[in-house]
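Under my numbering, the sequence shown has 51 at position 15, and the numbering climbs by one with no breaks.
A short write-up of the structure that comes next.
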Amino acid sequence: MHKNSERQQILRDIFMILAFLHQQETDDLIDSTLGIPTVPSLGKILAPTNPGRAFVLDFLFDDQAMISDVFDLVLRNRYLNDRSPGRTREEFDLAQLFNMRDEDFKQAVRTTKSGFMWLLGLITLNPVFHSASFRPQLPVPHQLALTLERLGSNGNGASVGRFSRNLGVGRGTVIKEGDLQCHEGRGFHELRVVDC
């Protein structure tokens, strides 16, 4: 069964209110034509002797105008609530990774600290890890840490949120750096990572 979104439901509710107000306005016109007393409008209360001003006040401030404005606002906005972006940083703190116990470090990046430094020395100057564009890549140690940690967790997207929280870097950065190194790192198939 089709489920309406919250926005669709609100639009439907506002439309029903507009239909009700239109019906009520029609009833008020019929009542005034037949001479049945009705509740005076805001315009008639504020400007009883000036029908033009009363009409403008009614047009601007009656319920139907306000509801129409709300309806228009909801139609023009895709999201009902402000969507705050995730907390991101340009880089994460590598010291946090290296301050882990040796066992935790090895579980996180699937190598020892000395093995990490050895691999970092092999890839530091490779152009794959550097960019001349206006959006530079993360420093090589950060790229390596993110890539090893992501590949150490099956390399799939299930671990992205955990990396983002634990390493203090945005989810997009984890995905971008991990994917970049997975695709561009193919030239390193001759490297063999050994535990020292």
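Here a beta-carbon is modelled for each residue, glycine too, at the ideal position from N, C-alpha and C.
When secondary structure is reduced to three states using DSSP, residue 183 falls in the helix class. Here residue 181 is buried, its C-beta having at least 16 other C-beta atoms within 10 Å. Inter-segment contact for the stretch 48-66 and the stretch 96-108 is present: three or more beta-carbon pairs are separated by less than 8 Å. Here the C-alpha atom of residue 136 lies approximately 16 Å from the C-alpha atom of residue 177. Spanning the alpha carbons of residue 186 and residue 142 requires a straight line of approximately 13 Å. For residue 175, the three-state secondary structure derived from DSSP is coil. The Cβ atoms of residue 94 and residue 77 lie closer than 8 Å to each other. In the structure shown, residue 153 falls within a helical segment according to DSSP collapsed to helix, strand and coil. For residue 145, the enclosing alpha helix (DSSP H) has its first and last residue at 138-145.
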